[in-house]
Structures are given as structure tokens and as C-alpha cells.
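Enquirer: The working numbering applies: residue 847 is where the first sequence begins, and numbers increase by one.
Beta carbons: idealized from backbone N, C-alpha and C, even for Gly.
Quick caveat, the model's predicted, so the values are computed rather than measured.
I have a structure I would like to understand better, so I am pasting it below and will then ask my questions one at a time.
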Amino acid sequence: MHWADAFVRNLSGDQIFSTGISPSGPIHVGNMREILTGDILYKAAVDRGLMSRFMYLCDDLDPLRKVYPFLPDTYEEHVGKPLSRIPAPQGEGTYSEYFLRPFLETLDVINVSVEVVRTTDLYDRGVFAEAIDVVMRRKNDVARILEEISGRAVGKDWYPYNPLCSNCGRITKAKVEWYRFPEVGYRCQCGHEGVSDIRKAEGKMPWRVEWPAKWYALGVTVEPFGKDHGVKGGSYDTGKGIMEEIFGAKAPEPLIYEHIFLKGKGAMHSSTGVVIDAADMVKFAPPQILRFLVARSQPSRHIMFDPGAGLLNLIDEYEKYENLYASGGELDEDARRAYELSRLEQSTEKLSSIGFRHLVTLVQIYPREGDLLEALRRTGEGLDEITPVVRSNIDAIRRWLDRYAPDNVKFSLLEPHEKVVINDQERKLIAGFLESAGSIQWTPEAIHDMIHELIRNSGMQPKSGFAAFYRVLVGKERGPRLGYFLSTLGREFTMNRLSSAINM
RNA sequence: GGGUCCGUAGCUUAGCCAGGUAGAGCGAUGGACUCUUAAUCCAUAGGUCGGGGGUUCGAACCCCCUCGGACCCGCCA
């Protein structure tokens, strides 16, 4: 049984799935595992007939932790301020919205429909007021739970609330002096003394307390999170303790997932620069593939993501499932589910109408879209126009070839001065081609037939005969189907190139 | 130092929870097709299941140790 179905099978009643990703920087493919895992579970729950909601909590009241490598030095002055109160690195608006926007656009592209909730709004609307009041009144119990479960000492004058200083704007510097609902008195390191209203976004709970408060205030029943939170004594454990003892409620069912690694580079991490932007990935690969990457892998295993040759294999696999699914062919249970949970519901057009791998070749032969369409017509794909899926695949392939494609799928014409190695037999073969090339119809079929004929007459192996042409033209042993290739290159160009190559 | 997860063919992995002695895809090699959409089809090779020990009639699977990778033990999300 697919992991999502197996997980959901143990649930009963209405469900609220929740995830949270901090908008502190560009959201990368690694982060996407969180929200996709949530979405896949959510869809599996819906399929099972459970009334479900899926929420994404954007932690935009969290402080800017440091000046990240992608930020200008001037952001030093904003360290410690909430992300929703800092200007965007570029353009208008706030820091958090700046990074949130492309993320939300990407969610749309990959068919994740989630209720987006900003933590700042939750605080501002007083959604957390009750929870804050409870933890403030029982701060000693909360502190005890944190100490017992995490094994970490909590200071005497600790409060489960960090006020936002109304003077310096930092949420990390103020110390609580007193509490009387709904007000928290504080003194900030900047020298300011003030009062926060817990019904407003004038302060926030520390992470380990805020998490269970969210569960409680929103009624979260399922939450996937990275294995870093799942450690014994980690934030899930303390959250569970607080949830049960302080709020008297049941902690959500956890689903702990492993990280995504970039093949050959290590774990994806913004700080190390080992990162592929999520918004970026859906521009060089079909969006379904990002879903598929997560859906087909057990959450407990790390994912080795290879944006080069591995991506092509992944797409092959997806297309294979898609075709088997459509034709009612034999497809094992997990593969079927992985496919169902990966496809985009908003589009009925198959990804594989023209195989991605095939398109990779075509795009390189035919730089002009008109020629490409012509080629598709000619080879019986039955295409009258470039469909939306094909169009976006073409765009994706161009970017992919540019940035991630391995050399063995790329080809380009050799420069005229580049040296080619051919033996006498091969030279003779090409010379033979040149003798007749001027007089035949310059069509793919005619070219192809003639080359076949010549190779047969020469007594060479077909494979090595073709290889001679490829070596001369693209410097490789193999290449796109010769007839089409040469017809596209044009008679004059082909003949000039071949004759100069054999006369070098 | 303590803890968690992962380590299966060149690559990506299934199988581990409920022990019966390893399965797939890609790649490679060979072959077929009046031989190329780097297509398709068929076949072959390739695995000390990270290593060692234990339990068992039997271990990839359970237990212990060990090596390698990742992550946490920073009121940091």
C-alpha cells in the first residue's frame, strides 16, 4: 500500500493537515517535501472520504535570524525584527511577502491547494490570545515540561512570550516584566519599556510553545515535519507534552520525513548554497515531476535528486506510469497511487503525448518552433499545433539543456575548425555521399535511404557507418536520426561541412 | 558525549513493520527489426543486501557492536 494511504488508513473523523515553512528566504526543492507530503496526505484523506482541510502556516512573525548570504549587508539593522515588518530585498512590500509570493505561485503550478495563513494575522486577530493566556499563567508548568522533555534548563525569569519592542522593532530583545491579561509589560535592551497586547501581533510565543499553541488554536490533527523536529526531546516531543498537559488536547499525528539531497552535493540547504529553487524547478521540469519525486519516495528515506540524467529517468518513469494508467495496462499498486497523487488535476492533457526525451532531441534539432511542429506533423504525432503542455515542455527543455542536462543528451554542431577523426573507409563513405547528395531530393527519407544504401555497399556495420557522420557533424558516436537531421541542416550547409571535414 | 534516520547491482531503488535466503527501472553488453525519434523488442552480465558478532532449522529483515552519510541535543523556525 502506498505510504499516504497507509498513513491515512489509521485516521478517523475530520482532519486538519498543517504545515509550516518560514519565508526567511527562497523556498527550495528540499522545503517542498514538507508541503507536498502534506498535500499528498490530504489528497489521500479526501480519497478515503474524510472531511479534511489543509493549511499552510507562514511564519512571518518570526525574526530575521541573520544576514543571509543572499541579502545585502544593510540588512544587519533588521536582524531580530519580524519578517513581516522588514522591507523586501527588492521592490515594494515586505520581506516575508517577497519570498512568499513565488512560493505560492509555485504551489498553484504543482496543484497544491492549501489555505494560506500568516502567523502575523493569527496573532493580530487574537486567535492565539487564549493559548497565550494559558501558557503565561502556567509558565512554570510549561517550563517544567520543556526541561523534563528536552533536558534543557529554562531560566528563572523565563516567560513563554517574546514581546515585540514598539521602539526598536525587534522581537528578540525584550524581557517580560509582568503579565496581566491581556497585557504584557516588558523592558527592551534598547532601553524602551512598553506594554504588549497578547490579542495583537505585538509579540509571539517561542517556537517550542507556539507550535502546540497552533495545534490547539487551529485544531490540527496531522502534521508532517522534517526529522530534525522528530528527535527524542525535540520540538515535537515538547510540543506534545505541552499540548497534552497544558492545553488538555491530543497532539497531531506526526509524519516525519527525511531531507532531499542534491546528487553529488549533499543536503539541500540555503546556507550552503546547495539548493535548487522550487520556483525554478518547475521551470525546467514538468510540475508533476516535483510531486512525483515526493510521492514515489517513502518519507523515511532521503531523496537523491539528480537534476541531470536522473531527472530524465524520473520523467520516463512518470510517463510510463501515465501511459499504463491510461491504457489500463499492468501497473503495481504503489506505482499507480504515486502517479495518481502526482498528476495535475487541472489538466487533462497527458504529459507524455510527446515523450519528453524525444522532445529533448527535437528541440536541439529544430531551434525554430515552426520547424519543430513541422517535424511532429511529418512523423505522425498527429499534432496540428503546439499544445500547452508541449509548449511548456519545450520551454523547460531549453532551460534544462542550458543548466542541468548531461553532455550525452546534448549535441551541437562542431565548429568548422574542430578536428575530426575518421579513417579511410569512413572518409570514402562520406565522399560517396557527397557525390550523390547534389542530385537527390533533399528530403529526410531520400537522405536516409541513400545513406543506408551507401553503408550497405561499403560493407560497413550500419552502426559504425552512421557513427562516421555523427563524428563529423556533432563529434559523437550517436545523434538524432540522420535523415531528419541533415534535411534540417540544409543541403548546402551539409555538403560544405562534410567536404571540409574529409579534406582536413 | 547522547539520540534519530539512512547505507541493497555502475546509478536510482523495492523488499525490512508480521524472518524462509534478493526484485525492478536506468545504464552496460549481445541480438532482432529492409538498423537509429539516442525509438522499439528480446536476451545476458552485474549484488560479500556497509562490516563483524548473536538469536534461529533459516536473517537484507530481529538483537548487539562497528564503519560511513545525514540530522538533532542552540526557547532556533
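Could you give the uninterrupted runs of the alpha helix (DSSP H) lying entirely in the region 1100 to 1143, keeping only those of 4 residues or more?
Expert: The region 1100 to 1143 contains these whole alpha helix (DSSP H) runs: 1124 to 1130 and 1133 to 1141.
Enquirer: Among the candidates 1346, 1154 and 1215, whose CA atom is the shortest distance from the CA of residue 1232?
Expert: Start at 1 with the first residue of the first sequence, and residue 1232 comes out as number 386. Nearest C-alpha to residue 1232: 1215.
Enquirer: List the whole-angstrom C-beta distance separating residue 1184 from residue 1142, where the pair is believed to meet the contact cut-off of C-beta under 8 Å.
Expert: Reading the first sequence from its first residue, position 338 is the one you call residue 1184. Reading the first sequence from its first residue, position 296 is the one you call residue 1142. Right, their Cβ atoms sit about 4 Å apart.
Enquirer: Taking the alpha helix (DSSP H) that residue 1191 falls in, what are its first and last residues?
Expert: If you number the first sequence from 1, residue 1191 lands on position 345. It is not in any alpha helix (DSSP H) - residue 1191 carries neither H nor E in the DSSP assignment.
Enquirer: Between the C-alpha atoms of residue 1003 and residue 1197, what's the straight-line distance to the nearest angstrom?
Expert: The residue you call residue 1003 lines up with position 157 of the first sequence. The residue you call residue 1197 lines up with position 351 of the first sequence. Straight-line Cα distance between these residues: approximately 59 Å.
Enquirer: By the three-class DSSP mapping on this structure, what secondary structure does residue 1316 have?
Expert: As a working mapping, residue 1316 is identified with position 470 in the first sequence. Helix, per DSSP.
Enquirer: Are the Cβ atoms of residue 1314 and residue 1243 separated by less than 7 Å?
Expert: Counting from one through the first sequence, the residue named residue 1314 turns up at place 468. Counting from one through the first sequence, the residue named residue 1243 turns up at place 397. Cβ distance not < 7 Å, so residue 1314 and residue 1243 don't count as in contact.
Enquirer: Looking at the unbroken alpha helix (DSSP H) that takes in residue 1063, where does it start and where does it end?
Expert: On the first sequence, position 217 is the one that residue 1063 refers to. 1053 to 1064 is the span of the alpha helix (DSSP H), which, as asked, contains residue 1063.
Enquirer: On the DSSP bridge list, what partners appear for residue 1025?
Expert: One-based indexing of the first sequence puts residue 1025 at position 179. Note: residue 1025 sits in a beta bridge opposite 1030.
Enquirer: Pick out whichever of 1016, 1028 and 1301 has its Cα sitting closest to the Cα of residue 1037.
Expert: As a first step, residue 1037 is located in the first sequence; it is residue number 191 there, counting from the start. Closest by alpha carbon: 1016.
Enquirer: Alpha carbon to alpha carbon, how far is residue 1219 from residue 1346? Give it in angstroms, no decimals.
Expert: In the first sequence, residue 1346 corresponds to position 500, counting from 1. In the first sequence, residue 1219 corresponds to position 373, counting from 1. Distance between the alpha carbons of residue 1346 and residue 1219: 31 Å.
Enquirer: Is it buried or exposed, residue 852, if we count other Cβ atoms within 10 angstroms and call 16 or more buried?
Expert: Residue mapping note: residue 852 aligns to position 6 of the first sequence, counting from 1. Exposed.
Enquirer: Quick one: Cα of residue 1027 to Cα of residue 883, how far?
Expert: To locate residue 1027, count along the first sequence from 1; it is residue 181. To locate residue 883, count along the first sequence from 1; it is residue 37. For residue 1027 and residue 883, the distance between alpha carbons rounds to 39 Å.
Enquirer: Pairs of beta-carbons, one from the region 950 to 965 and one from the region 1128 to 1138, closer than 8 Å: are there three or more?
Expert: Segments in contact, yes.
Enquirer: Counting only runs of 3+ residues fully inside the region 898 to 977, write out the beta strand (DSSP E) ranges in chain order.
Expert: Listed in chain order, they are 898 to 904 and 961 to 964.
Enquirer: Beta carbon of residue 977, beta carbon of residue 1062: below 7 Å?
Expert: Stepping through the first sequence from its first residue, residue 977 is reached at position 131. Stepping through the first sequence from its first residue, residue 1062 is reached at position 216. Against a cut-off of 7 Å, the Cβ pair of residue 1062 and residue 977 comes out as a contact.
Enquirer: In angstroms with no decimal places, state the Cα-to-Cα distance between residue 1319 and residue 1100.
Expert: In the first sequence, residue 1319 corresponds to position 473, counting from 1. In the first sequence, residue 1100 corresponds to position 254, counting from 1. C-alpha separation (whole angstroms): 57 Å.
Enquirer: Tell me the DSSP secondary structure of residue 853 in three-state form.
Expert: In the first sequence, residue 853 corresponds to position 7, counting from 1. Here residue 853 sits in helix by DSSP.
Enquirer: Have a look at 983, 1023, 901 and 1125 and flag the residue whose alpha-carbon is nearest the alpha-carbon of residue 1354.
Expert: Outside the displayed span of the chain (847 to 1350) sits residue 1354, for which this structure offers no information.
Enquirer: Taking the alpha-carbon of residue 1276 as reference, which of 1263, 1288, 943 and 1296 has the nearest alpha-carbon?
Expert: To locate residue 1276, count along the first sequence from 1; it is residue 430. Among 1263, 1288, 943 and 1296, the Cα nearest to that of residue 1276 is on 1296.
Enquirer: So, do the region 1283 to 1296 and the region 1323 to 1333 have three or more beta carbon pairs nearer to each other than 8 Å?
Expert: Yes, they touch.
Enquirer: Give me the Cα-Cα distance between residue 920 and residue 944, rounded to the nearest whole angstrom.
Expert: One-based indexing of the first sequence puts residue 920 at position 74. One-based indexing of the first sequence puts residue 944 at position 98. Approximately 17 Å between the Cα atoms of the pair.
Enquirer: From this set, 1278, 1260, 1302 and 1292, which residue's C-alpha is nearest residue 1339's C-alpha?
Expert: Position 493 of the first sequence, counted from the start, is the residue given in the question as residue 1339. It is 1260.
Enquirer: Check each candidate in 982, 1149, 1129 and 1264 and name the one with the smallest Cα separation from residue 1246.
Expert: On the first sequence, position 400 is the one that residue 1246 refers to. Nearest C-alpha to residue 1246: 1129.
Enquirer: Return helix, strand or coil for residue 1258, following the three-state DSSP convention.
Expert: By 1-based counting over the first sequence, the position of residue 1258 is 412. Three-state DSSP puts residue 1258 in coil, outside helix and strand.
Enquirer: Between which two residues does the beta strand (DSSP E) holding residue 1041 run?
Expert: Sequence index remark: in the first sequence, residue 1041 carries index 195 (1-based). Element bounds for residue 1041: 1039 to 1043.
Enquirer: What's the C-alpha gap between residue 926 and residue 1324?
Expert: Taking the first sequence and counting its residues from 1, the one referred to as residue 926 is at position 80. Taking the first sequence and counting its residues from 1, the one referred to as residue 1324 is at position 478. One C-alpha to the other measures close to 58 Å.
Enquirer: What does DSSP give as the partner residues of residue 1049 in its beta bridges?
Expert: Looking up residue 1049 in the first sequence gives position 203. Answer by DSSP bridge pairing, in chain order: 1009.
Enquirer: Please list the terminal residues of the continuous beta strand (DSSP E) segment that includes residue 1067.
Expert: The residue given as residue 1067 occupies position 221 in the first sequence. First-last for residue 1067: undefined, no H or E at that position.
Enquirer: Please go through the same chain and pick out, in chain order, the residues whose beta-carbon is closer than 8 Å to the beta-carbon of residue 1286, but skip the five residues on each side of it.
Expert: The sequence position of residue 1286 within the first sequence is 440, counting from 1. The answer, listed in chain order, is 1292, 1293 and 1296.
Enquirer: Would you say residue 1149 and residue 1106 are within 7 Å of each other, going by their C-beta atoms?
Expert: Residue 1149 sits at position 303 when you count from the first residue of the first sequence. Residue 1106 sits at position 260 when you count from the first residue of the first sequence. Yes, the Cβ-Cβ distance between residue 1149 and residue 1106 is below 7 Å.
Enquirer: In terms of residues, what are the limits of the beta strand (DSSP E) holding residue 866?
Expert: Within the first sequence, residue 866 is the residue found at index 20, counting from 1. Residue 866 -> beta strand (DSSP E) spans 861 to 867.
Enquirer: Tell whether a beta-carbon distance below 7 Å holds between residue 930 and residue 905.
Expert: One-based indexing of the first sequence puts residue 930 at position 84. One-based indexing of the first sequence puts residue 905 at position 59. No, they are not a contact pair.
Enquirer: Out of 1178, 1051, 875 and 1273, point me to the one whose CA is closest to residue 1349's CA.
Expert: Translated into the one-based positions of the first sequence, residue 1349 becomes position 503. Nearest of 1178, 1051, 875 and 1273 to residue 1349, Cα basis: 1273.
Enquirer: Report the rounded CA-to-CA distance for residue 1006 versus residue 863, giving the unit in angstroms.
Expert: Translated into the one-based positions of the first sequence, residue 1006 becomes position 160. Translated into the one-based positions of the first sequence, residue 863 becomes position 17. Cα to Cα, residue 1006 sits roughly 25 Å from residue 863.
Enquirer: Which stretch, first to last residue, makes up the beta strand (DSSP E) that contains residue 1339?
Expert: Here residue 1339 is taken as the residue at index 493 of the first sequence, counted from 1. Not the beta strand (DSSP E): residue 1339 falls in the alpha helix (DSSP H), residues 1337 to 1348.
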